[in-house]
Amino acid sequence: MNPTDPHEAIRLRGARVNNLQAVDVDIPKRQLTVLTGVSGSGKSSLAFDTIAAESQRLINETYSTFVQGFMPSLARPDYDELSGLTAAIVVDQSPMGSNPRSTVGTATDAVGPMRVLFSRIAEPSVGGPGAYSFNVPSVSGGGAIQVGNKKKVVKQYRRTGGMCPNCEGRGQVSDVVLSELVDEDLSLADGALRIPGYKTGGWNYRLYAESGLVDPEKKIRDYTKEEHHNLFFHEEKRMKIAGINMSYEGLVPRLQKSMLAKERASMQKHIGEFVDRAVRFITCPECDGTRLAEHARTSTIEGKSIADLCTMEVGDLVEWFSQLRHSGAQELIDSIRAVLQSFVAVGLDYLTLDRPTSSLSGGEAQRAKMIRHLGSALTDATYVFDEPSAGLHPEDIGRVNDLLEQLRDKSNTVIVVEHNPATIMRADHVIDVGPGAGSAGGHVVFEGTPQDLAVSDTVTGRHLADRTPLKSEVRTPQGHLEVHDATRNNLQSVNVQVPLGVLTAITGVAGSGKSSLVAELAESNPDLVVVDQSPIAGSRRSNPATYTGALDSIRKAFAKATGTKPALFSANSEGACPQCKGAGVVYVDLGFMQGADTLCEVCEGRRFDAAVLEYTFGDYSIADVLDMPASQAAEFFAAKETKVPAAAKICNRLVQVGLGYITLGQPLSTLSGGERQRLKLAARMGEKAQTIILDEPTTGLHLADTEVILSLLDALVDAGTSVIVIEHNLAVIAHADHVIDMGPGAGSQGGQVVFAGTPAELAAADTTTGRHLAAYKD
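In our numbering, the protein residues as written are 3 to 780.
This is the structure:
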């Protein structure tokens, strides 16, 4: 490889994004390059924040100014030189959107050609592809026909789309509990409205109180029938309130268009909790949850409607299309089957096309995104993957590695951020970033082949062949939690005992029923603490200190030491920089182009008023403390002169979960999925729960840090907490006291307990997990 030739390599010089220390690197083109290193070493900063970000920025600049006005404004990454860059396609673990209309079929575009097929050969024929789409409205129209000597006006159903008119293509309808919207014993003026954002005196309140349609001084329970209708169900109308033209409608339709139109997972916590109380979602009685209008449900191919096909598991759907023959559409049928085969290739054959994308895990979402690219005609592109092994059973990792090589073999450059040894060893080229995390990282410590990495003296090299021995002596259970005749999702009347007082691993291939089993446990035992992989809610102002509650005790310590008040040491309160209001950045309005965030010139991103930074605690300002890594902060708050026990305890928990390198003030938006989950674990560790459930706690964790998590899990159990982990990591499985293996396959082929016992017994068992564990220990 000639690194100076832009046709052969992506040449990067002087990269200083985040913690990168003027990194120089050459990434060979049309090869599979894996970036390794401990969590926080700078891998993502190199792959995503520098290479992919600059590619996207340069592509955006090729569009017209008008188009750029609708696109995000991207700052130039900090580097000296970058050449040989091609169009970068990022395939990460971010959720596939929270649109309630988005399904696996629509997100992967697998259902699109199926709609075309139905429009061509289904009986009875009901129109074009849109007639089978639940995102295209069905329109009722009027027309005139000649009857004898007279014209008769009739209502005709124009089949322009396939959306169920009752649920508007959502498959569910909402039943609002009116008593949760208002307190009937109060008047509007006295605060009857119980809806978030409808505080007495605010605009939402004034809309109703000053509408003239209801009496704001009368108790809700004393309303007339007309007033009751006006408050809850009135149709939309324009009116003037306080001299402003506003749109008035009843509370129920207004909420249905605002809060209830959003996916539950995308809501802020307090709004989501309100929706949970106030709304009952039921399957649409008209379309039976299929989202489709009647004409689309009754148009069939070989007795199957498009709704029927979308409820089948993809593995069964492949078989169905393999047997379908039609002389006029065979090429289209074959192309549909090829797309569905891609699901099988990435281990998602247990999914159904009608499954909401919001229900997919991070690993499932990333593999679903891969499907869109496997059949792409693009070549010479740069694909950037974020831990494609995340959420995958060892059985499936080999297939995903095959797909990465397929993309490479189509003359693409494939860059993968990864910790899994199986993927690392399949690389053509490895770049190891380190040597440590945060300020101790940001250097390229190795470049070369996987074989050379394995014998190198880097952290990754030394741990690449690590094997955790099977636990020889296991703890004795102190009772059990029981699940009886569980049928949630794909569980097949499961009966199982989950031991208490020990470390239990729930294993099995993706889709085997692990999460469903845990959901059954959590539902029947509400005192369980569940740390899952759901996103952390919060604004860009949120950071580890605010999320864990550590900032409360820190602010009080500063206030006590300086004789001031705690609010002064909050960037969201009185201590905020007056220029950026504590955000650290200033929004610049660029008129007809999209605005941009720029570093605040007054506080230089430190977020606090300069006067506040004059106050110190142990010679450190509040901004200095928030710039401390958790490990340094733990020592600082444990020292005699600066002792803050509550803050020290929380910082130590961050260190315990392997997050000692993140700073207390680091925005949560910059943390990876695995880092966020471990942050949640650190926050929940103080609850002294008797039983805690962790969903893949090793996600995003370097091999060298596996021992940290194992030590933490042991410490929790030894302190009296029963720990249950959903895991694919063979090191964690080998270290468990008890293993419950689900399977034997995924979807309808899973949902059974195929093994329960010790890791040593599992290694001798003939299950998929057992076979991989046996190979691991050898």
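By construction, the Cβ of each residue, glycine as well, lies at the ideal position given by its N, Cα and C atoms.
Residues in the same chain with beta-carbon distance under 7 Å from residue 85, minus the five sequence neighbours each way, listed in chain order, please. Here residue 85 refers to the residue found at position 83 when the sequence shown is read from its first residue. Excluding positions up to five away in sequence, the list reads 8, 13.
Going by DSSP, which residues form a beta bridge with residue 1? Any question about residue 1 goes unanswered here, given that the chain covers just 3 to 780.
If you draw a straight line from the alpha carbon of residue 148 to that of residue 281, how long is it in whole angstroms? Here residue 148 corresponds to residue number 146 of the sequence shown, with the count starting at 1. Here residue 281 corresponds to residue number 279 of the sequence shown, with the count starting at 1. Summary for residue 148: the model assigns pLDDT 38, below 50, so the residue's position carries little reliability, and this model does not support an answer.
Out of 61, 45, 33, 558, point me to the one whose CA is closest to residue 10's CA. Position 8 of the sequence shown holds residue 10. Closest option to residue 10, Cα to Cα, is 33.
Looking at residue 285 and residue 313, is the spacing between their C-beta atoms short of 7 Å? The residue you call residue 313 lines up with position 311 of the sequence shown. The residue you call residue 285 lines up with position 283 of the sequence shown. No, the pair does not count as a contact, with Cβ atoms beyond the cut-off.
How big is the Cα-Cα spacing for residue 688 and residue 556? As a first step, residue 688 must be located in the sequence shown, where it is residue number 686. As a first step, residue 556 must be located in the sequence shown, where it is residue number 554. Distance between the alpha carbons of residue 688 and residue 556: 17 Å.
Between residue 667 and residue 545, how many whole angstroms is the CB-CB distance? I'm expecting something under 8 Å. Within the sequence shown, numbered from 1, the residue matching residue 667 stands at position 665. Within the sequence shown, numbered from 1, the residue matching residue 545 stands at position 543. Confirmed, about 5 Å.
Judging by CA-CA distance, which residue of 457, 547, 130, 745 is the nearest neighbour of residue 301? Indexing the sequence shown from 1 puts residue 301 at position 299. Minimum Cα distance to residue 301 is reached at 130.
Suppose only complete runs of 4+ residues qualify. What are the alpha helix (DSSP H) ranges in the segment 530–566, listed by chain order? 546–550, 552–564
Proximity winner among 378, 365, 395, 416, relative to residue 785 (alpha-carbon distances): Only positions 3 to 780 of the chain appear in the structure, and residue 785 is not among them; the question remains open.
Can the beta-carbon of residue 748 be found less than 7 Å from the beta-carbon of residue 757? Counting from one through the sequence shown, the residue named residue 748 turns up at place 746. Counting from one through the sequence shown, the residue named residue 757 turns up at place 755. No, Cβ-Cβ distance for residue 748 and residue 757 is not below 7 Å.
From residue 504 to residue 430, what does the alpha carbon distance come to, in whole angstroms? In the sequence shown, the residue the question calls residue 504 occupies position 502. In the sequence shown, the residue the question calls residue 430 occupies position 428. Using only the alpha carbons, I get a separation of about 42 Å.
Starting from residue 250, trace the beta strand (DSSP E) both ways and give me its first and last residue. Here residue 250 refers to the residue found at position 248 of the sequence shown. Per DSSP, residue 250 belongs to the beta strand (DSSP E) from 246–250.
Smallest Cα separation from residue 713: which of 737, 724, 728? As a working mapping, residue 713 is identified with position 711 in the sequence shown. Answer by Cα proximity: 737.
Verify whether the separation of the beta carbon atoms of residue 476 and residue 485 is less than 7 Å. For the purposes of this step, residue 476 is taken as residue 474 along the sequence shown, with counting starting at 1. For the purposes of this step, residue 485 is taken as residue 483 along the sequence shown, with counting starting at 1. Cβ distance not < 7 Å, so residue 476 and residue 485 don't count as in contact.
Among the residues of its own chain, which have a CB less than 6 Å from the CB of residue 252, if the five just before and after it don't count? The residue given as residue 252 occupies position 250 in the sequence shown. Closer than 6 Å at the Cβ level, and outside the excluded window around residue 252, lie 234, 235, 236.
Indicate whether residue 92 and residue 386 have their beta-carbon atoms separated by less than 7 Å. Locating residue 92 in the sequence shown gives position 90, where the first residue counts as 1. Locating residue 386 in the sequence shown gives position 384, where the first residue counts as 1. Yes, these two residues count as a Cβ contact at 7 Å.
Here's the rule: buried if 16 or more other CB atoms are within 10 angstroms of the residue's CB, otherwise exposed. What is residue 771? Along the sequence shown, one-based indexing puts residue 771 at 769. By the 10 Å Cβ count, residue 771 comes out buried.
Applying the 10 Å Cβ sphere with the 16-neighbour rule, what's the burial state of residue 621? As a working mapping, residue 621 is identified with position 619 in the sequence shown. It counts as exposed.
Rounded to the nearest angstrom, how far is the Cβ of residue 614 from that of residue 633, given a contact under 8 Å? Within the sequence shown, the letter at position 612 stands for residue 614. Within the sequence shown, the letter at position 631 stands for residue 633. The pair is not a contact, with the Cβ atoms about 25 Å apart (cut-off 8 Å).
Relative to the C-alpha of residue 578, which residue among 625, 169, 719 is closest? Here the question's residue 578 lines up with position 576 in the sequence shown. When each option's Cα is compared against that of residue 578, the closest is 625.
Ordered along the chain, which non-local residues of its own chain (more than five positions away) have a Cβ less than 6 Å from that of residue 152? Counting from one through the sequence shown, the residue named residue 152 turns up at place 150. Bear in mind that the predicted position of residue 152 carries a pLDDT of just 45, short of 50, making it too unreliable to give a figure here.
Beta-carbon gap between residue 369 and residue 350 smaller than 7 Å: Taking the sequence shown and counting its residues from 1, one reaches residue 369 at position 367. Taking the sequence shown and counting its residues from 1, one reaches residue 350 at position 348. Yes, these two residues count as a Cβ contact at 7 Å.
Enumerate, from N- to C-terminal direction, the unbroken beta strand (DSSP E) stretches of 3 or more residues contained entirely within the segment 49–122. 83–85, 90–93
Start-end ranges of the alpha helix (DSSP H) lying completely within the segment 309–336, minimum 4 residues: 316–325
Anyone know if the C-beta pair for residue 221 and residue 189 falls short of 7 Å? Within the sequence shown, the letter at position 219 stands for residue 221. Within the sequence shown, the letter at position 187 stands for residue 189. Yes. Within cutoff.
DSSP state of residue 748 mapped onto helix, strand, coil: Taking the sequence shown and counting its residues from 1, the one referred to as residue 748 is at position 746. DSSP places residue 748 in coil when its eight states are reduced to three.
If you check the beta carbons only, do residue 506 and residue 740 fall under 7 Å apart? Sequence index remark: in the sequence shown, residue 506 carries index 504 (1-based). Sequence index remark: in the sequence shown, residue 740 carries index 738 (1-based). Yes.
Same chain only: Cβ atoms within 8 Å of residue 179, ignoring 5 sequence neighbours per side: Counted from its first residue, the sequence shown places residue 179 at position 177. The residues are 279, 280, 281, 282.
Beta-carbon within less than 6 Å of residue 468's beta-carbon, same chain only, minus the 5 sequence neighbours each way: which residues are those? For the purposes of this step, residue 468 is taken as the residue at position 466 of the sequence shown. 705.
Should residue 743 and residue 470 be called a contact, given that it needs their Cβ atoms to be closer than 7 Å? One-based indexing of the sequence shown puts residue 743 at position 741. One-based indexing of the sequence shown puts residue 470 at position 468. No.
Give the C-beta separation of residue 295 and residue 167 to the nearest angstrom, bearing in mind that I take them to be a contact with Cβ-Cβ under 8 Å. The residue given as residue 295 occupies position 293 in the sequence shown. The residue given as residue 167 occupies position 165 in the sequence shown. That belief holds up - the Cβ atoms of residue 295 and residue 167 are roughly 6 Å apart, short of 8 Å.
Are the beta-carbon atoms of residue 128 and residue 165 separated by less than 7 Å? Against the sequence shown, residue 128 aligns to sequence position 126. Against the sequence shown, residue 165 aligns to sequence position 163. No, the Cβ-Cβ distance between residue 128 and residue 165 is not below 7 Å.
Residues bridged to residue 13 by DSSP? Looking up residue 13 in the sequence shown gives position 11. 28, 85, per the DSSP bridge assignment.
For the pair the segment 38–47 and the segment 105–125, tell me if three or more CB-CB distances fall below 8 Å. no
With distances taken Cα to Cα, identify the nearest neighbour of residue 478 among 41, 719, 66. Residue mapping note: residue 478 aligns to position 476 of the sequence shown, counting from 1. Looking at the Cα atoms, 719 is the closest of the given residues.
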